[in-house]
Amino acid sequence: MTLVGDLLAAQTAHFAGLDPLLPPAAGPVRGDAVSAALPDGGRVAGMVEFTEYPPGSANRLWSAARVWELVPVLGASGRAGMDALLRAWQHRMAGQADFDPDSACVLNWPSRDVAATRALLDHGLVPLSVLAVRERLGSTAPSPGPLTVRRARLADLDAAVELSMLELAYSALVGSAVIRPDAAALKREALANRLRAGDPVWLAEHDGVPVGLAECGWTDSGPRTAAAARLPHGRWGYVNCVSVLPGARGSGVGQLLMAAAHAEFATAGVAGSYLYFNPPNPLSSVFWARQGYRPLWTMWEIRPAGALR
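Just so we're aligned, residue 16 is where the sequence shown starts under the numbering used here, counting upward by one.
Below, the structure is given as structure tokens:
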């Protein structure tokens with residue numbers, strides 16, 4: 016086997032010991048190669064891919080405009096391997112000298128690998144996003160009282176956009192989201208497409224007034240799909256956005272919305288459901304754990320890109 020092949024095999028075994036839901040380690044397919052030597056004579060490798068999202072791209076709502084992403088291939092070298100590769104990456108990034116605040120260095124790594132976490136923190140990266148999964152299907156809805164939940168329709172687009180923009184504004188304070196000038200238009204287009212496609216989108220109402228939104232969809236993880244690098248094979252329910260009006264938070268709106276979503280996911284027979292949340296968010300970090308979600312992958316990030324140390 017090649018160096019990368021040996022490292023991937025060892026990394027797959029390492030991942031399996033960390034978390035049974037982690038898929039086999041996927042090798043980087045494009046980008047610029049980076050590698051580093053270890054004190055014991057071994058080596059680690061990785062690939063750095065640069066992406067620039069153009070103005071008007073929806074990706075700009077949750078990402079810096081220019082992103083350098085590292086895909087590490089560490090084998091089972093743990094903290095030492097991650098530290099060595101990050102040093103090599105930092106040396107490479109020093110030549111870029113990109114200190115524009117709309118630039119970032121990012122990497123995804125299993126949340127339970129706490130040894131690697133120490134190295135990531137030491138190099139200035141912060142855990143801004145987590146991919147969390149829920150295996151338990153089905154749920155018991157709380158007593159709704161004056162609250163009701165129904166599927167959203169295209170006629171509800173204005174209310175859905177308003178609620179979605181509230182979530183974006185909050186996330187921009189506690190995570191990687193960015194409020195761009197065209198954010199409302201991009202949200203409107205995405206929501207309209209979901210509603211026209213019949214995707215699972217729900218509105219919570221209090222005496223007929225919209226107070227909450229759950230925008231969900233479906234993801235298939237299988238051979239040659241992007242999702243296969245993050246999720247076991249199968250069909251998954253995806254929770255893209257849950258938003259509750261500030262005055263209605265803490266009254267059970269989010270729980271009622273997710274009871275409806277989880278019931279539909281269970282009926283569809285999915286392998287589970289997943290979502291992204293921001294660990295610094297004092298609301299979602301507590302709420303999603305109570306809904307049965309747990310971290311699987313953590314996205315580590317530093318802005319600007321030139322601040323990597």
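Just so it is clear, CB atoms sit at the ideal spot from N, CA and C, and this is done for glycine as well.
> Thinking just about the alpha-carbon of each residue, which of A184, V148, L135 is nearest to the one in Y253?
Replying inline: Taking the sequence shown and counting its residues from 1, the one referred to as residue 253 is at position 238. Residue V148 is the option with its Cα nearest to Y253.
> Just the Cα atoms here: how many angstroms apart are A207 and W124?
Replying inline: For the purposes of this step, residue 207 is taken as residue 192 along the sequence shown, with counting starting at 1. For the purposes of this step, residue 124 is taken as residue 109 along the sequence shown, with counting starting at 1. C-alpha separation (whole angstroms): 33 Å.
> Is DSSP giving W104 helix, strand or coil here?
Replying inline: Here residue 104 refers to the residue found at position 89 when the sequence shown is read from its first residue. DSSP places W104 in helix when its eight states are reduced to three.
> Any idea if V86 is buried or exposed, counting beta-carbon neighbours within 10 angstroms, 16 or more meaning buried?
Replying inline: In the sequence shown, residue 86 corresponds to position 71, counting from 1. The residue is buried, with at least 16 neighbouring Cβ atoms inside 10 Å.
> In chain order, which continuous runs of the alpha helix (DSSP H) of length 4 or greater are located wholly inside the segment 112-146?
Replying inline: Under the rule that a run must span 4 or more residues, the alpha helix (DSSP H) segments found entirely inside the segment 112-146 read 129-137.
>> Can you find the residues in the same chain that come closer than 6 Å, C-beta to C-beta, to G377, ignoring five residues on each side of it along the sequence?
In response: This structure leaves residue 377 out entirely; the chain is present only between 16 and 324.
> Assuming L33 and R58 make a contact with CB atoms under 8 Å, what is their CB distance in whole Å?
Replying inline: Residue mapping note: residue 33 aligns to position 18 of the sequence shown, counting from 1. Residue mapping note: residue 58 aligns to position 43 of the sequence shown, counting from 1. The pair is not a contact, with the Cβ atoms about 22 Å apart (cut-off 8 Å).
> Span of the alpha helix (DSSP H) holding S50?
Replying inline: The residue given as residue 50 occupies position 35 in the sequence shown. Counting along the chain, S50 falls outside any alpha helix (DSSP H), though it belongs to the beta strand (DSSP E) covering 47-52.
>> For a test of the three-state rule: what should DSSP assign to N255, helix, strand or coil?
In response: In the sequence shown, residue 255 corresponds to position 240, counting from 1. In this structure, N255 counts as strand in the three-state DSSP scheme.
>> Please state the DSSP three-state secondary structure of Y291.
In response: Numbered from its first residue, the sequence shown carries residue 291 at position 276. Correct three-state label for Y291: strand.
> In chain order, what residues of the same chain lie with their CB nearer than 6 Å to the CB of H138, ignoring the 5 residues before and after it?
Replying inline: For the purposes of this step, residue 138 is identified with residue 123 of the sequence shown, where counting begins at 1. Closer than 6 Å at the Cβ level, and outside the excluded window around H138, lie L101, R324.
> Nearest-angstrom Cα distance between G232 and D214?
Replying inline: Your numbering for residue 232 matches position 217 in the sequence shown. Your numbering for residue 214 matches position 199 in the sequence shown. Taking the CA atoms as reference points, G232 sits about 6 Å from D214.
> Are the Cβ atoms of S50 and A103 separated by less than 9 Å?
Replying inline: Position 35 of the sequence shown, counting from 1, holds the residue named residue 50. Position 88 of the sequence shown, counting from 1, holds the residue named residue 103. The answer is yes: Cβ separation under 9 Å.
> Going straight from the alpha carbon of W217 to that of R165, what length do you get?
Replying inline: Against the sequence shown, residue 217 aligns to sequence position 202. Against the sequence shown, residue 165 aligns to sequence position 150. Near 6 Å, if we compare the C-alpha coordinates of R165 and W217.
> On the three-pair Cβ rule with 8 Å, is the segment 114-122 touching the segment 66-82?
Replying inline: Between the segment 114-122 and the segment 66-82, the count of Cβ pairs shorter than 8 Å is three or higher; the stretches touch.
> Which term fits G61, buried or exposed, when burial requires 16 or more other beta carbons within 10 angstroms of its beta carbon?
Replying inline: For the purposes of this step, residue 61 is taken as the residue at position 46 of the sequence shown. Within 10 angstroms of the beta-carbon of G61 lie 16 or more other beta-carbons, which makes it buried.
> For G56, which option in A40, F30, S92, E64 has the closest C-alpha, if you only look at C-alpha atoms?
Replying inline: Numbered from 1 along the sequence shown, position 41 holds the residue referred to as residue 56. Residue nearest to G56 within the set A40, F30, S92, E64 is S92 (criterion: CA-CA distance).
> Where does D235 sit, in a helix, a strand or coil, going by DSSP?
Replying inline: For the purposes of this step, residue 235 is taken as the residue at position 220 of the sequence shown. In the three-state reduction of the DSSP assignment, D235 falls in the strand class.
> How close, in whole Å, do the beta carbons of S179 and K202 come, if the pair is a contact with beta carbons under 8 Å?
Replying inline: As a working mapping, residue 179 is identified with position 164 in the sequence shown. As a working mapping, residue 202 is identified with position 187 in the sequence shown. About 5 Å separates the CB atoms of S179 and K202; that is less than 8 Å, so the two are in contact.
> Ordered along the chain, which non-local residues of its own chain (more than five positions away) have a Cβ less than 7 Å from that of A241?
Replying inline: As a position in the sequence shown, residue 241 is number 226, starting the count at 1. Here the set comprises nothing.
> For L261, does the count of other Cβ atoms within 10 angstroms reach 16, so buried, or fall short, so exposed?
Replying inline: Residue 261 sits at position 246 when you count from the first residue of the sequence shown. Before going on, a small fix: residue 261 reads as Pro here, not Leu. Looking at its Cβ environment, which holds fewer than 16 other Cβ atoms inside 10 Å, P261 is exposed.
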